[in-house]
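Peer 1:
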Amino acid sequence: MWALRSGVALAHDIGCRNVMFVIDSHVLFNMVKSGYTSFIRLLLLLKEILALLDQKDWTFGLVHYVTPPRKQVDVLICYISKGIDALLRLIKTCLCLVR
Numbered sequence: 000m001w002a003l004r005s006g007v008a009l010a011h012d013i014g015c016r017n018v019m020f021v022i023d024s025h026v027l028f029n030m031v032k033s034g035y036t037s038f039i040r041l042l043l044l045l046k047e048i049l050a051l052l053d054q055k056d057w058t059f060g061l062v063h064y065v066t067p068p069r070k071q072v073d074v075l076i077c078y079i080s081k082g083i084d085a086l087l088r089l090i091k092t093c094l095c096l097v098r
């Protein structure tokens, strides 16, 4: 998420006026498209990204591109964003599968 924020700010600051941002995280892509996250610690950062994207002096696109190993990370981030209880249930399930 920090990388996207930095990339958006840099692209705008150096004068790029037609930009395509490629995001490999399904969760981040959906957050930016919807403008919503239930994960309170990411809310301020999301609002910063949206404010940068909403500037009227440029056009941009967002593309979601998934590399195969990224799918597992997206699942984990999804559970984290749902709260600690969901994450603990996932960990417990994984531990049961290992036994």
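If you number the sequence shown the way numbering that gives the first Met the number 0 does, the last residue is 98 and the count never jumps. All C-beta atoms, glycine included, are put in the ideal place defined by N, C-alpha and C.
#1: Run through DSSP, which three-state label would R98 get?
#2: Helix, strand or coil: how does DSSP classify F59 here?
#3: Quick one: give me the first and last residue of the alpha helix (DSSP H) that I22 is part of.
#4: Start and end of the alpha helix (DSSP H) containing K107?
#5: Could you give the residue range of the alpha helix (DSSP H) that holds G6?
#6: Could you tell me the distance, in whole angstroms, from the CA atom of I79 to the CA atom of A85?
#7: Rounded to whole angstroms, how far is the Cβ of D73 from the Cβ of S37, which I believe are closer than 8 Å?
#8: Among D12, I83, W1 and M19, which one has its Cα closest to the Cα of L27?
#9: I'd like to know whether the C-beta atoms of I48 and R4 end up nearer to each other than 7 Å.
#10: How many Å lie between L75 and I83 at the Cα?
Peer 2: With the structure as the only source:
#1: In this prediction, R98 scores a pLDDT of 49, lower than 50, which makes its location untrustworthy; the coordinate-derived value is nonetheless stated afterwards. Here R98 sits in coil by DSSP.
#2: F59 falls in the strand class under three-state DSSP.
#3: Looking at the DSSP string, I22 is not in any alpha helix (DSSP H); the run it does join, the beta strand (DSSP E), is N17 to I22.
#4: Coverage of the chain is limited to positions 0 through 98, which leaves residue 107 absent and any answer about it impossible.
#5: Looking at the DSSP string, the run of the alpha helix (DSSP H) that includes G6 is W1 to D12.
#6: I79 and A85 have their alpha carbons spaced roughly 7 Å apart.
#7: 15 Å between Cβ atoms; not a contact.
#8: Of D12, I83, W1 and M19, the residue nearest in Cα terms is W1.
#9: Against a cut-off of 7 Å, the Cβ pair of R4 and I48 comes out as a contact.
#10: Roughly 11 Å separates the two Cα atoms.
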